[in-house]
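Chains as they are written, first to last, in my numbering: chain A, 1 to 170; chain B, 171 to 240.
Below, the structure written as structure tokens:
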């Protein structure tokens, strides 16, 4: 026996009043609305990142830290230090008599510590063989795509000071 | 409008919305990854792109609602 699905007055309708095509249509419509709300949630998430950045920027004050004296590090030498916190390893390199650079020691690929190699004018990450330019921190080869985070340094009265962290200028 | 026609439009809108939401998910994770990596220059353009995606979805749903009302 063939059922007539479009007959609203059929006897079986009374026992089973669900209209499947209409139900399917409504479930699709509701799912689309749910996706619309998900989209709104992503916008809220992006706004949260901006808000977090704004608050962080407002409260951001870096300490001034004396790293070393100019006599302690020869030209082509380097010194490890921690800045701005004790869990932030950094490296100071003396490129020339009056040319000092400092970078966060964490590789921008997977945060392995990079090794300064001043003779080859590079920082080398042994984990995945990433290479960065020693003067600019820009990635040269390997998996890293972002430059090392630069620490601003100044030389005053025979001392080298770390004064801040440069971020977001990629 | 016939039921089959409504279903076709609903399916088309749903497909486009799914693609846009996946794009937004990618945008959000990429922005978060860059932000936590110290790159703050990307967050405002990413937020604007996300708002544009939401506006597109809103526009599609609005268009669909009007079609359905006819």
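From the three backbone atoms N, C-alpha and C, an ideal C-beta is built for every residue, glycine too.
- Apart from sequence neighbours up to five positions away, the residues of its chain that approach residue 183/B with a beta-carbon distance below 6 angstroms are 230, 234, ordered along the chain.
- Residue 117/A: member of the beta strand (DSSP E) spanning 115 to 117, first to last residue.
- Only 216, 217, 220, 221, 223, 224, 227, 228 from the segment 216 to 228 of chain B bring a Cβ to less than 8 angstroms from some Cβ of chain A.
- Beta bridge pairing from DSSP links residue 66/A with 161/A.
- Under the Cβ distance rule, residue 31/A counts among the residues neighbouring chain B, one pair being separated by less than 8 angstroms.
- Using a C-beta cut-off of 8 angstroms, the segment 58 to 67 of chain A makes no contact with the segment 34 to 49 of chain A, since fewer than three inter-stretch Cβ pairs fall below that distance.
- A contact between stretches requires three or more CB pairs, one per stretch, nearer than 8 angstroms, and the segment 184 to 201 of chain B fails this requirement with the segment 134 to 149 of chain A.
- If you draw a straight line from the Cα of residue 77/A to the Cα of residue 68/A, it is about 12 angstroms long.
- Look at residue 188/B: its C-beta is under 8 angstroms from a C-beta on chain A.
- In the three-state reduction of the DSSP assignment, residue 84/A falls in the coil class.
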